[in-house]
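Have a look at the structure below before the remarks.
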Amino acid sequence: METRRPGILIVDDEPVLLTVLGLYLRRLGYEVRTERSTESIWNDADQQAAGLAAAVLDASMPGPDSQALAQKLLLANPSLAVIMASGYPVDMAALESANPGRVLFLQKPFTPEMLAAALRRMIGAQAQDV
Numbered sequence: 492m493e494t495r496r497p498g499i500l501i502v503d504d505e506p507v508l509l510t511v512l513g514l515y516l517r518r519l520g521y522e523v524r525t526e527r528s529t530e531s532i533w534n535d536a537d538q539q540a541a542g543l544a545a546a547v548l549d550a551s552m553p554g555p556d557s558q559a560l561a562q563k564l565l566l567a568n569p570s571l572a573v574i575m576a577s578g579y580p581v582d583m584a585a586l587e588s589a590n591p592g593r594v595l596f597l598q599k600p601f602t603p604e605m606l607a608a609a610l611r612r613m614i615g616a617q618a619q620d621v
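First residue of the sequence shown: 492, per the numbering used here; consecutive thereafter.
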């Protein structure tokens with residue numbers, strides 16, 4: 492029986508970062524989808540969240556608020572973990588307190604290895620098979 496690979500959604504407006512992270516995580520065995528804007532998934536966030544193990548969101552993108560998008564995704568998928576990333580300070584208190592243990596902040600710049608370690612920490616046993 493084939494084990495389903497953990498699904499990861501990465502939303503960031505930096506195309507090079509999306510490409511590098513997507514390639515790296517696919518090599519580790521994750522099923523990766525990338526999007527360049529929060530707007531691209533805002534209206535169907537419920538469907539986008541289905542089947543995901545984690546979402547990695549740039550916390551300081553233009554368009555719909557990334558934290559509001561994170562909350563929509565978290566509500567749609569009770570097993571989802573969210574990693575918010577930014578090169579700027581971000582107040583994550585409200586999102587973290589509403590979703591204890593399901594949200595992590597990752598300071599940019601980070602390496603693909605740092606993201607992989609954060610994903611393993613956040614999605615736990617699912618990632619052990621990757």
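Even for Gly, the Cβ is constructed at its ideal location relative to N, Cα and C. On a predicted model such as this, the values are computed, not experimentally measured, just so you know.
Under the three-state reduction of DSSP, M575 is assigned to strand. The three-state secondary structure of D537, taken from DSSP, is helix. Under the Cβ criterion (8 Å, minimum of three pairs), the region 521 to 533 does not count as touching the region 565 to 573.
Between the region 539 to 546 and the region 585 to 592, the count of C-beta pairs closer than 8 Å stays below three; the two stretches do not touch. When DSSP states are grouped into helix, strand and coil, G498 belongs to the strand group. Contact check for I501 and L512: beta-carbon distance about 6 Å, within the 8 Å limit, so the pair qualifies. Secondary structure at E505: coil, using DSSP grouped into helix, strand and coil. For W533, the CB contacts under 6 Å within the same chain, skipping 5 residues up- and downstream, are P555 in chain order.
Within the region 543 to 577, the complete beta strand (DSSP E) segments at least 3 residues long are 543 to 549, 572 to 577, listed from N- to C-terminus. By the CB criterion at 8 Å, A561 and L548 fall inside the cutoff.
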